[in-house]
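**Q**
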Amino acid sequence: GDSVTQMEGPVTLSEEAFLTINCTYTATGYPSLFWYVQYPGEGLQLLLKATKADDKGSNKGFEATYRKETTSFHLEKGSVQVSDSAVYFCAPRATGRRALTFGSGTRLQVQP
Amino acid sequence: EPEVTQTPSHQVTQMGQEVILRCVPISNHLYFYWYRQILGQKVEFLVSFYNNEISEKSEIFDDQFSVERPDGSNFTLKIRSTKLEDSAMYFCASRSGTGGTDTQYFGPGTRLTVL
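Protein chains in written order, with the working numbering: chain X, -12 to 99; chain B, 6 to 120.
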């Protein structure tokens, strides 16, 4: 079945540090790929997405590139802020399926 | 900006009782979903709903669960006889289904506590 592997957290960084959160997936066909973010006490918000190979999704300084050859969708940001502290979920949606398959989430803590 | 809303934000119930969780999807969206997140664990898919019927469900979504769209705006999840292990955050989501977009928009969640 479909699955997602995310790097375990928590990831603790200082403000302005570079962020990478790794995500690899297994899914049938050509999945659409999503990153969702969950801020403390809130629901899931779409951060960015990519729908085909080599597409780059970007939003709020975050980027992720759909790498079909390595089945990866790593999240990056060049300079994190304290306000980026949250839990980040990688979530592919396999071709022909309605459901998103969520990773276990990676907690990011950014210190001033 | 339109958003998915859910009520209540927190529901406490006794084991064996029935609960109904309510969601108002984004207007004009055609696809509706329920997910749950047990504390400290990953978000899990429960069910998807389109054209007034279930289009996909997971093994979690057994006979204790049901969904309904009773009118043009609400989408509900009913748990007939709650168990302790049903305690979780339940998220509703909706998707447009038009224009090729496949983004699911999530509500803020209902925290269900079964005692």
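Think of the CB as a built atom: it goes at the ideal place given N, C-alpha and C, for glycine as much as any other residue.
Is there contact here, the region 11 to 21 of chain B with the region 44 to 60 of chain X, by at least three beta-carbon pairs under 8 Å?
**A** no
**Q** Quick one: what's got a C-beta closer than 7 Å to B:P13's C-beta in the same chain, skipping five residues either side?
**A** T115
**Q** Along the beta strand (DSSP E) that carries B:E73, what are the first and last residues, could you check?
**A** Looking at the DSSP string, the run of the beta strand (DSSP E) that includes B:E73 is F70 to E73.
**Q** What is the C-beta distance between B:I84 and B:F70, in whole angstroms, given that I count them as a contact (C-beta under 8 Å)?
**A** 6 Å
**Q** Are there three or more Cβ pairs, one per stretch, closer than 8 Å when the region 28 to 39 of chain B is compared with the region 16 to 29 of chain X?
**A** no
**Q** Relative to the C-alpha of B:H34, which candidate in B:Q109, B:P113 and B:Q42 has its C-alpha closest?
**A** The residue with the shortest Cα to Cα distance from B:H34 is B:Q109.
**Q** Starting from the C-beta of B:Y40, find all residues in its chain whose C-beta is less than 7 Å away, skip the five residues before and the five after it, and write them out in chain order.
**A** V48, E49, F50, L51, F96 and A98
**Q** Give the DSSP-derived three-state secondary structure of X:V69 in the structure shown.
**A** helix
**Q** Quick one: is X:F60 near chain B, going by C-beta distance under 9 Å?
**A** no
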